[in-house]
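A.B. asks: Heads up: take any position in the sequence shown, counting from 1, add 638, and you land on this note's numbering. By construction, the Cβ of each residue, glycine as well, lies at the ideal position given by its N, Cα and C atoms.
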Amino acid sequence: MSSLAIAANAFAAPMIQPVLQHQLALDTSVELGRGSISLIPLDDQERTIVAIAATFDVSKYCSATSVIVSAHINGFAVASPFPAFVENHGADGCIATGVFQVDLDAAELVHPGAFIGQPLNVTLTYWG
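1) Taking DSSP as the reference, what is the three-state secondary structure of A745?
2) For the beta strand (DSSP E) that L762 lies in, which residues bound it at each end?
3) Spell out the partners DSSP gives F738 in its beta bridges.
4) What residue from T693, D695, L758 has the CA that sits closest to A745's CA?
5) Under 8 Å between the Cβ atoms of L742 and F753?
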C-alpha cells in the first residue's frame, strides 16, 4: 500500500456564501513529485461541497488497469474507496486519476468541529 498525502492550505466555509469568498483558497492545486491533489469548490445552493481531484504517477512498471483510491480529510474517511483507472502504463510506470466529491456539511454533522472553518488536510491512499 502506498500513500500520497498533502496539507492543503484551504479552509472549509461555515455556510454557502463564504464558499465564494474562499474560492481562491479552495481552488488550490498542490503539485507533488509523483502526483497532485486539487480542491475545487462546487456550486450548490444547499451544501458546502468540494471535489478532490487526484493524479498520481507510479514510477515503476505498472500493468494494472486500475488502482483503488481512498480519501481522508482531517483524518476522517470522507468517501468510499473507488477505482481510479490507469490512463497509460508501460516500462516507465503508470498514471491514474480520480475525483472525490465531498459534502462538508454532512461530514461536519458526523464529526462536529472537524471540517467547517478548519484547514483541510487531504490524504489519499492507493493500492492495486
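C.D. replies: The answer reads as follows:
1) Three-state result, A745: helix.
2) Looking at the DSSP string, the run of the beta strand (DSSP E) that includes L762 is 760 to 765.
3) I690.
4) L758
5) yes
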